[in-house]
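Colleague: The structure follows.
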Amino acid sequence: MACACVSCSGGKAGIQEVVRPEIPADSSGPMASYMPMAQIYRTSGDYDCNVPVALDASGTGIVSFPAPSDLSAQSEPVRLEGGYLLDRRGVSANTAFISYTYKEYSALAAPPSLKELMASVIPGARVVEIVSLPVTTPVAVADTVMCNRLIREGLPGCKVVYRAMSAQFSGM
Numbered sequence: 000m001a002c003a004c005v006s007c008s009g010g011k012a013g014i015q016e017v018v019r020p021e022i023p024a025d026s027s028g029p030m031a032s033y034m035p036m037a038q039i040y041r042t043s044g045d046y047d048c049n050v051p052v053a054l055d056a057s058g059t060g061i062v063s064f065p066a067p068s069d070l071s072a073q074s075e076p077v078r079l080e081g082g083y084l085l086d087r088r089g090v091s092a093n094t095a096f097i098s099y100t101y102k103e104y105s106a107l108a109a110p111p112s113l114k115e116l117m118a119s120v121i122p123g124a125r126v127v128e129i130v131s132l133p134v135t136t137p138v139a140v141a142d143t144v145m146c147n148r149l150i151r152e153g154l155p156g157c158k159v160v161y162r163a164m165s166a167q168f169s170g171m
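Below is the structure:
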């Protein structure tokens, strides 16, 4: 804890600008102010079992992908109501999904080459909406009933951080 305080002391203003505005006053515990808020997302299809990768801004190259050892059942998204998934990997507007499932990919001895990964990107498989919840990811994972209630109630206290321009949503 002392190391974290020392390493953050020089950039505290930057941390407050980026992280603190998203943290409600009633978060649980003192460390909650240093943890990112949970995010839920929807995709253009049923891709919750497929591994996400980050594409460059043009969508023509992969800039980030996990090592097979980075994945486990605990890194898969949690299915919620309304087609939402609770993010446990860090999706963004530039996330695409590959044809490998979490189970297949985590069993690999080494990651596929970038060429193989690009060839495995599922056409049109994208994140179409991301919503920040007013709780941290560990709290959301532990209380999916609360997450589903927020969804049913229209996501009060939540913030839409990304919505694809052409996305069509039922019930929204």
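Residue numbers (numbering that gives the first Met the number 0): 0 to 171. Here a beta-carbon is modelled for each residue, glycine too, at the ideal position from N, C-alpha and C. If you're wondering where the values come from, they're calculated on a predicted model, not measured in any experiment.
1. Measuring CB to CB, does Val130 end up less than 7 Å from Val159?
2. By Cβ distance, which residues of its chain are closer than 6 Å to Glu75, with the 5 residues on each side in sequence left out?
3. Near Gln73, what residues of its chain come up, given a Cβ to Cβ distance below 8 Å and the 5 sequence neighbours on each side ignored?
4. Met145 and Ile61: beta carbons closer than 7 Å?
5. Go ahead and pull the three-state DSSP assignment for Pro67.
6. In the DSSP assignment, the alpha helix (DSSP H) including Ser105 goes from what residue to what residue?
7. Evaluate Arg58 with the Cβ neighbour count: other Cβ atoms within 10 Å of its Cβ, from every protein chain shown; 16 or more gives buried, anything less gives exposed.
8. Could you tell me the boundaries of the alpha helix (DSSP H) in which Arg148 lies?
Modeller: Answer, in terms of the structure:
1. yes
2. Once the five neighbours on either side are set aside, the close Cβ partners of Glu75 are Tyr101.
3. Arg87
4. No, these two residues do not count as a Cβ contact at 7 Å.
5. helix
6. 101-105
7. For the record, residue 58 in the displayed sequence is Gly; it is not Arg. Flag for Gly58 reads exposed.
8. 143-151
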